[in-house]
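The sequence shown: position 49 = 78 (our numbering), numbered continuously. Using N, Cα and C, we set each Cβ at its ideal position, and we do this for glycine too. Here the structure is a predicted model, which means the values were calculated and not measured.
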Amino acid sequence: MKKLRGYIFARSFMGERAPQHVQNIILRDYCTKKGYELLLAATEYAMPDSFMILESVLDDLASVDGIVFYSLYQLPTQPVQRKSVYSRALAAGKSLHFAVEGMSIAKQQDVDSVEQCLLVKATLDHCVTQVEG
């Protein structure tokens, strides 16, 4: 059975917030349904824009088959940082999974779908939500 390291947040992300115990439940459910063994989740520091724990998880990729994030919106907001996450995982032959969205990246072609979701979310955050009239 393939092993995935969990990755959750102790802070809000892209305007969303989920308690850590809920994030862990979602990770466990995703892994059970997909046939993966879930390893203890690493929790990112609460400091804004910190990805120190993610960097540590990426450094330890040799011991797992991939990383399962609670949400793809927990990826770094800066495109250069995100691309580094993708390339490090793919170069090591590992996969990235996003439990809430039910998406994964196992090859370079999968990156576009994740990036499209991130772009849509960023665009929606700047759209008009009410029309007065």
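Residue j beta carbon less than 8 Å from that of residue i
i      : j      : result
Tyr36  : Ala70  : yes
Val129 : Ile54  : no
Met39  : Tyr74  : The residue you asked about is not Met; residue 39 is Ala in the sequence shown. Yes; because the gap between Cβ atoms is below 8 Å, this pair is in contact.
Leu101 : Phe127 : yes
Cys60  : Leu87  : no
Residue interval of the beta strand (DSSP E) (run including residue i)
i      : result
His126 : 124-127
Met132 : 132-134
Tyr36  : 32-38
Phe98  : 95-98
Delimiting residues of the alpha helix (DSSP H) encompassing residue i
i      : result
Glu73  : Where Glu73 is concerned, there is no enclosing alpha helix (DSSP H), although the beta strand (DSSP E) it sits in stretches over 66-73.
Leu56  : 49-63
Val140 : 140-153
Val114 : 108-120
Val86  : 81-88
Of the listed residues the options, nearest to residue i (C-alpha basis)
i      : options                     : result
Leu68  : Met81, Met76, Leu90         : Leu90
Ala151 : Val157, Gln52, Tyr99, Met43 : Met43
Val143 : Ala47, Glu66, Gly131        : Gly131
Met30  : Ser113, Gly64, Leu87        : Gly64
Asp78  : Thr158, Ser41, Asp58        : Ser41
Leu119 : Ser85, Gln138, His155       : Gln138
Same chain, Cβ closer than 7 Å to residue i, neighbours up to 5 away in sequence not counted
i      : result
Arg111 : Leu104, Pro105
Same chain, Cβ closer than 6 Å to residue i, five either side skipped, listed in chain order
i     : result
Gln52 : Ile37, Tyr99
Thr17 : With the chain covering 30 to 162 only, the question about residue 17 has no answer from this structure.
Phe80 : Pro105
Cut-off 8 Å between Cβ atoms - residues of its own chain near residue i, not counting five sequence neighbours on either side
i      : result
Thr158 : none
Given 8 Å, three or more beta-carbon pairs between the stretch 88-104 and the stretch 120-127: yes
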